[in-house]
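Residue numbers (the numbering used here): 7 to 377.
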Ligand SMILES: C[S@@+](CC[C@H](N)C(=O)[O-])C[C@H]1O[C@@H](n2cnc3c(N)ncnc32)[C@H](O)[C@@H]1O
């Protein structure tokens, strides 16, 4: 039997007032279509679904008039709404993290008596994650030759290569005709002189004709995309071959294996909520996944790179070049760093992780997807 919820119960569960629900009813936005046994109006499962969409769009700041158009659109089903909402929420989360970083920078400047310009003050509001953290990137992020060799081998005989989410271009093959795509102006500005031409665009909407490249590659970027599946399909559309370096968030085993997330930064798991499974990612390009072990002396300072060099995570410039630290927020970051520092000086880290010393490379969930 279908479950019906009273107005009071719906208000309680959704954290809104009964008055709000009555208003939505009056303007015809969400009208409870069922009746309780006592004859009161009640919300059916489909009323609840519609209400949830309305409230979620409202929380994202949409006007009621626009919300009515969105939820009445016959071409958008519940799953499509969830995907859209998810993308908007991720964007909002990253924007908030970017704003926190930009505000921290301004606070530091003010504490040192440095006046910020009007332009800098306005930029705090429009901060995009990589526009806020990108200037710290080149300090520790560079080509890791052993992983680059795997990527370049996977590109096969491709002559023309599109590098999506290219950043500073660390993994662009030097012997092919490369075109880069990068949405952040700060990252584009840091591409070395003589680097491949770079187009300001996003993975989800690549400004190229179908099959215009021999291969498309994406390195350490898919987790930043608003809609990873749409971006991967775009890569598939514009290129015959697709190579993607990303991580497998579908099992939590590796999360437990990596001592940093296991013992110090469990908040990392929160960044992976709703992240598509490895199977969904590979399906989007029609390919397969291969594990990539991370060498103990990995030259590229991505999140997992220092798994056998724990002291590195105490360094501010190592953390600032990895978005995870900004995304978890300053409180979690400080707690993790303090905990690690204590355990390194007490010998607790060494005791807990003594097996690592014998390893030259570690399996930490990184994958190469090839299609
Ligand atoms: C961790 S960096 C990796 C950069 C480069 N691929 C590398 O390996 O050095 C992630 C990059 O993804 C970019 N990015 C974020 N959202 C994107 C999107 N929707 N489409 C394409 N790139 C995006 C960021 O601006 C950033 O430059």
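Just so you know, even glycine gets a beta-carbon here, dropped at the ideal spot from N, CA and C.
Annotation for residue 143: 327 place their beta carbon closer than 6 Å to its own, counting only its chain and skipping 5 residues before and after. Here residue 232 is not near residue 57, since their CB atoms are 7 Å or more apart. Residue 251: member of the beta strand (DSSP E) spanning 245-253, first to last residue. For residue 92, the uninterrupted alpha helix (DSSP H) segment begins and ends at 84-117. Spanning the alpha carbons of residue 267 and residue 273 requires a straight line of approximately 8 Å. Just so you know, the alpha carbons of residue 323 and residue 68 end up roughly 38 Å apart.
By the C-beta density criterion, residue 336 is exposed, having fewer than 16 other C-beta atoms within 10 angstroms. In this structure, residue 251 sits near residue 226, with a CB-CB distance shorter than 7 Å. Counting only the Cα atoms, residue 93 lies some 27 Å from residue 34. Look at residue 332: its beta carbon is at least 6 Å from all of the heavy atoms in ligand 1. In this structure, DSSP gives residue 359 a state outside helix and strand, which the three-state scheme calls coil. Inter-residue distance for residue 39 and residue 46 is about 10 Å (C-alpha atoms, whole angstroms).
Just measuring C-alpha positions, the residue of 256, 13, 206 and 215 sitting nearest residue 192 is 206. Residue 344 counts as exposed, since fewer than 16 other beta carbons sit within 10 angstroms of its beta carbon. Residue 249 sits away from residue 241, with the two beta carbons spaced by 7 Å or more.
With at least 16 other beta carbons inside 10 angstroms of its own, residue 194 counts as buried. Each residue's CA atom was taken as its position, placing residue 41 and residue 369 some 56 Å apart. The alpha-carbon of residue 23 is positioned some 9 Å away from that of residue 13.
In this structure, residue 148 places its C-beta atom within 7 Å of the C-beta atom of residue 176. For residue 204, the pairing in a beta bridge is given by DSSP as 186. The bridge partners DSSP lists for residue 374 are 251 and 296.
In the structure shown, residue 343 falls within a helical segment according to DSSP collapsed to helix, strand and coil. For residue 193, the CB falls within less than 6 Å of some heavy atom of ligand 1.
As DSSP reads the structure, residue 223 sits in a beta bridge with 169 and 249. Residue 285 and residue 190 have their C-alpha atoms some 29 Å from each other. Residue side-chain check: residue 189 places its Cβ nearer than 6 Å to a non-hydrogen atom of ligand 1. Under the three-state reduction of DSSP output, residue 257 falls in the coil class, being neither helix nor strand. Residue 174 counts as buried, since at least 16 other C-beta atoms from the protein chains shown sit within 10 angstroms of its C-beta. Cβ-Cβ distances below 6 Å link residue 362 to 314 in the same chain, with the five nearest sequence neighbours on each side left out; the list follows chain order.
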